[in-house]
Every structure is written in C-alpha cells, then in structure tokens.
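These protein sequences, in sequence, are chains A and B.
Reminder that position 150 of the first sequence reads as 139 in this note's numbering, one-by-one numbering, no gaps.
To convert, count from 1 in the second sequence and add 94; that's this note's numbering.
Please read the structure below before turning to the comments.
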Amino acid sequence: MVGSADRARRVAWVAKEVMPHEPAVRRWLARSRVPFDQIDDFIQEAYCKLSALTSVEHIQRPDAYFFQTVRSLVTEKIRKARIVSIETFTEIESLPVLSDDPSPERIVAARRELAEVLRLIGELPARCRQVVRLRKIEGLSQKEISLRLGITETMVENDVVKGMRLISGALKKSGTVDVVRRTLRIYGRARLRKRD
Amino acid sequence: MGERDSANEIDEAAFRWVALLDREGDDPKLLSDLQDWLNQDPRREGAYLRAQALWLKLDRAANASEQDAPAPALSRRRMLVGGAGAALAAAVGAGAWVLSGGRNFDTEIGEIRHVPLPDGSVADLNTQSSLRVTMAKSIRRVRLAEGEAWFHVESDPSRPFVVESGLVRVRAVGTAFSVRRFDHGAEVLVSEGVVEAWVSGSEAAAVRLAAGEKAMVQERAPILSETAAPAEIDRKLAWRVGKIDLAGETLSEAVAEFNRYNQREMVVKQQALLSKRFYGVFRTDDPEGFAKSVHSSINVPVEITRDSIVIGR
C-alpha cells in the first residue's frame, strides 16, 4: 500500500483532517499526566491505527476519532500496567467535549496549524529554509536544487530531513508547552509504569 | 522489555525515508526496503504516515503563502529579492498577480475558458478543469489539478514554464502544447516547438517532444511517445473552439468525449455498436446532434430525454 494512490489519499486525509488536532491530543495527554516520552509512543501508535484502516470514508469527525483512538491505546496500556494513578485514569476517561457541528474549532485548528507551519519554515536555518522553499514553493526537484545551489544531492536530502525534524519538533512542542510546568511537577507521582 | 527505538529515533528514520523517496522517486527496491523497515515495529508505520503527512503539509503551507500572503517571513524575503522599487513597480504593473503570488482558474462541465497570463502566455481550459498558476521569479509554474488545458507559452529562457499534473512534469520555454490529466498520468500533445516531459523524481528519464508529437506519461510506466497522425493534434484540440472533431473514433470513444462536456449522460446500450467508427465535426454542447447523426447513419434507435441520451435498444 506504500506507493499506491489509496495511500496518497490517506496521507492527504491525515495531513488535512488529523494532524491539525495533534497538538490538542498532546495537550490532553499531558493534562492527563501521561509522561512525555510515552505521549510520542501513543501518537505514533495512533497514526499506525489510522494507516491500517481499510477505509476512512465512514469517519465523520476525524478529530473525535483521533482522540478515541489515542484513548483506547492509553486505557489498554493502563489496564496492563501494574501501578496506575486513579487520577490518570479518570482524566483519560474524560474526553474533551467535541461538538457535532461542522465545528469552527476544526477549521480554526487547520488554519492555526498552517500559519504555524509557515512561521516555522521562515525560522529554519538559512540553507535549510532555501531548500524547503525551492522544493515546496518553486517545485524544483532535489536534483535541480543541488544544481541551483551548487551543493551535493546528499546535502539537499539532509536539509529536507532537517527541515522536517525541526518543524515536527516545534509542532509537538506547540501542543504541550503550556502544560509543561504542571506536568513536570506531577511527573514522578503519576507516571505510568511499563510492564517489566 | 527488549531494546526499543525511541520515538525520536523512529521519527528521524521516517523523515529520512520521506526525503530519500522524494529524491529518488518510487524505486521498487527502495519501496521494498521501506516495507521491510515498516514491518519491524508498528510505531514505524505510524511515524512514516505522520512524516508523509507533514511533508505534504509543507505543500499546503506553500500554497497558502501564495494565496493569502500572511507569512511575514516569506513575503518579506520576496520583497527583498528585487529591492523595494522593483517590487513596487511589479505590484503596480501586475496587481493581484504579484500580491497574491498565484491564482486559480476553474471550469464547470461544458465550460471552456481562455485565460491570458501576465507573462504574455495563454492558457485555454477545457471542460471541468482546474488550474493554479504561479509566476515566481525563476519559474512559471502551472498546476493542473484536474482536466485538460492548452498552453501557448511566451518565450523566456530565464523562466521555464512548467506544468505539473500529478507527478507528471512538462517543461517548455516557448511553445504550444496541451496536457490532459488522468488518474495515473497525463497525455501531452505538442502543437508548436519542443517540450520535455517526465515524472517527478526521474527527470533523467525525461523525453523531448516536438511539434506534432504526443506522449502518454504514466506515473509508474515508461513514457510512450509517438508521432501523431497528420492533423490529429489539431483535431484533438478542437475543444478550444467548442468542437469535437471525430476522424474514425469508435462510438465508445466519441460518447466518452461528449460526456466530458455535458451533464446529460449519453449511454450506448448495444455492445456491438461500441466499436463502430464515426467521422464529423460536432459542437461539444450538442450531444443530441451527434446522437441524431448516429441514428441516421447506422439506423439504430436513439432515445433522447431531458436527462439522458440512449443509443441502441
């Protein structure tokens, strides 16, 4: 499925309908005292579930679906864990209230994310920014960029990876930065224990 | 618990795969290596999907910056490129084109639209087509999101004119050609000059097409180019003047062609008729006229209602 047209549609759906809500899901996990390193794991596993779905056409509320997917992953983990904070459990059980309307919240999330991505592109280191801009805005191939800038194709590829890493990292932070302090304070107390 | 890669390590590897595939195109060996990597940990599948979505998101961001120009970082740099004076002059000269960085053009079923572009080039949009035109400093870029368009390109060697149709790319300097988008590729017809066509990521395999040549460029197959029959290109571009020019097309092809331009669907009931061949020039908006001439030339019943045209019994 990796290279198929279906896959391309799935990627576009995730980019447009799911990813803009990732910061909200991360905030909710952080509020629920899920440790940061595990938040990343849950998010990756949730995307994996989305990747494995045979179809997403029946999903009317991708944001709610994303929350539910993460919640079931977390509750499953909690049930398997030996020591569990009751607090975590009740928080994770209470999903944020999502209205059924074609919600402005969802549109806002998408716009906010787009503005954020644009800002982040602008903040990339100079050459990295130039590579991303030439690739994405001017539509040059990596090879064409290497000729244009007089650098090797490997350098171009590395800049692409770097650009994605920096933007991805910043997007993750934008979801959790406002709850960092609170979570750090209770981090040790409510930490989920892994099974041996 | 055994040793696990951290989420960050997995993310990093996923970005690497996306960058590598973006560089090399969909190489089968690479795709099978990727599949092996993905199979080893379910989190990798998730990280890779997210990485692909993120990469796609940068496209959307790029488009948004062209549309709304809300991004201070980008627009400031754009202003600096030619100095404030040049930017001002350009803004006065080309108005919305410079300020917005690009424009969309769409057509409905049956609509054909003639669009003069600010560089002196011309785009003619066929029925149900969607085009986004961006005039950047070093490239004139046109995205064909759907349908078909013909371009007459004003020569400007310093600014190549590139049409993107899915993964297919067609580059011209000064020439006239059309691109029609299909699900997994695009058909390119050249009426003047020379163009180069390739699939994104495999530019080395680009083919050159001269006037009178056509090619079917498929996203995952070798490019098939051939010399078109005399007058075939003109015939195939008859839509520009609102005509369908048939020179021995089968009924099945002709009906599909009329259905591109009309809400009212034309259907052929008898399989045996589908391979019959037809000649003649018809208006794109006159499927009824075509159906009547089918009726009179091969004497089959034709049922014409408001919603449909049924040929055969």
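Ideal Cβ positions, reconstructed from N, Cα and C, are used throughout, including at glycine.
Those residues which DSSP pairs with residue i across a bridge
| i | result |
| --- | --- |
| Ile405(B) | Val362(B), Val396(B) |
| Asp200(B) | Ser224(B) |
| His246(B) | Val216(B), Ala270(B) |
| Asp339(B) | Val375(B) |
Chain A residues whose Cβ lies nearer than 9 Å to that of residue i
| i | result |
| --- | --- |
| Ile233(B) | Glu127, Gly128, Leu129 |
Amino acids of chain A, ordered along the chain, whose beta-carbon sits closer than 8 Å to that of residue i
| i | result |
| --- | --- |
| Trp149(B) | Met153 |
| Pro136(B) | Glu34, Cys37 |
Partners in chain B for residue i, counting only beta-carbon separations shorter than 9 Å
| i | result |
| --- | --- |
| Cys117(A) | Residues of chain B passing the Cβ test: none, with the nearest at roughly 12 Å. |
| Met8(A) | Arg144, Ala147, Leu148, Lys151 |
| Glu142(A) | Arg117 |
Nonlocal neighbours in the same chain, by C-beta distance under 8 Å from residue i, ignoring five residues either side
| i | result |
| --- | --- |
| Leu345(B) | Val362, Leu367, Leu368, Ser369, Lys370, Arg371, Phe372, Val388, Ile405 |
| Arg407(B) | Lys363, Gln364, Val394, Pro395 |
| Lys337(B) | Val375, Phe376, Arg377, Thr378 |
| Val349(B) | Met360, Val361, Val362, Ile405 |
Reduced DSSP secondary structure (H/G/I, E/B, other) of residue i
| i | result |
| --- | --- |
| Thr321(B) | strand |
| Leu368(B) | coil |
| Asp99(B) | coil |
| Thr269(B) | coil |
| Leu18(A) | helix |
| Glu106(B) | helix |
| Gln49(A) | coil |
| Leu124(B) | helix |
| Leu283(B) | strand |
| His10(A) | helix |
| His389(B) | helix |
| Pro210(B) | strand |
Close-in-space but distant-in-sequence residues of the same chain around residue i (CB under 6 Å, 5 per side omitted)
| i | result |
| --- | --- |
| Glu397(B) | Val404 |
| Trp149(B) | Val112 |
| Gly295(B) | Gly119 |
Proximal residues of chain B, C-beta to C-beta of residue i below 7 Å
| i | result |
| --- | --- |
| Glu146(A) | Ala113, Leu114, Arg117 |
| Ser40(A) | Glu139, Gly140, Leu143 |
| Ala1(A) | Leu150 |
Beta-carbon proximity list for residue i, same chain, < 7 Å, skipping 5 on both sides
| i | result |
| --- | --- |
| His10(A) | Asp52, Phe55, Ala98 |
| Gly374(B) | Leu340, Ser387 |
| Ser232(B) | Arg253 |
| Lys330(B) | Leu283 |
| Val7(A) | Leu39, Pro51, Phe55 |
| Leu318(B) | Ala309, Met310 |
Proximal chain A residues relative to residue i, where beta-carbon distance stays under 7 Å
| i | result |
| --- | --- |
| Ser294(B) | Ser130 |
| Asp105(B) | Ser157 |
| Ala230(B) | Glu127 |
| Phe109(B) | Val150, Met153, Arg154 |
| Glu297(B) | Ser130, Lys132 |
Chain B residues whose Cβ lies nearer than 8 Å to that of residue i
| i | result |
| --- | --- |
| Ile156(A) | Leu148, Leu152 |
| Asp52(A) | Per Cβ cutoff of 8 Å: no residues; Asp52(A) is ~15 Å from chain B at best. |
| Asp30(A) | Ala101, Arg137 |
| Asp26(A) | Ser100, Ala101 |
Touch check for the stretch 135 to 143 of chain B and the stretch 20 to 35 of chain A: three-plus C-beta pairs under 8 Å?
-> Contact between the stretch 135 to 143 of chain B and the stretch 20 to 35 of chain A is present, because at least three Cβ pairs lie under 8 Å.
Would you call the stretch 118 to 137 of chain B and the stretch 47 to 62 of chain A in contact, with 3 or more CB pairs under 8 Å?
-> Contact fails: fewer than three Cβ-Cβ distances are below 8 Å.
Please confirm if the stretch -3 to 9 of chain A is in contact with the stretch 105 to 112 of chain B, defined as three or more CB-CB distances below 8 Å between the two stretches.
-> Segments in contact, no.
At a cut of 8 Å, does the stretch 305 to 323 of chain B reach the stretch 275 to 289 of chain B through at least three beta carbon pairs?
-> Yes, they touch.
Three or more beta-carbon pairs under 8 Å between the stretch 230 to 246 of chain B and the stretch 260 to 276 of chain B, yes or no?
-> The way I'd put it, the stretch 230 to 246 of chain B does touch the stretch 260 to 276 of chain B; three or more beta-carbon pairs between them come closer than 8 Å.
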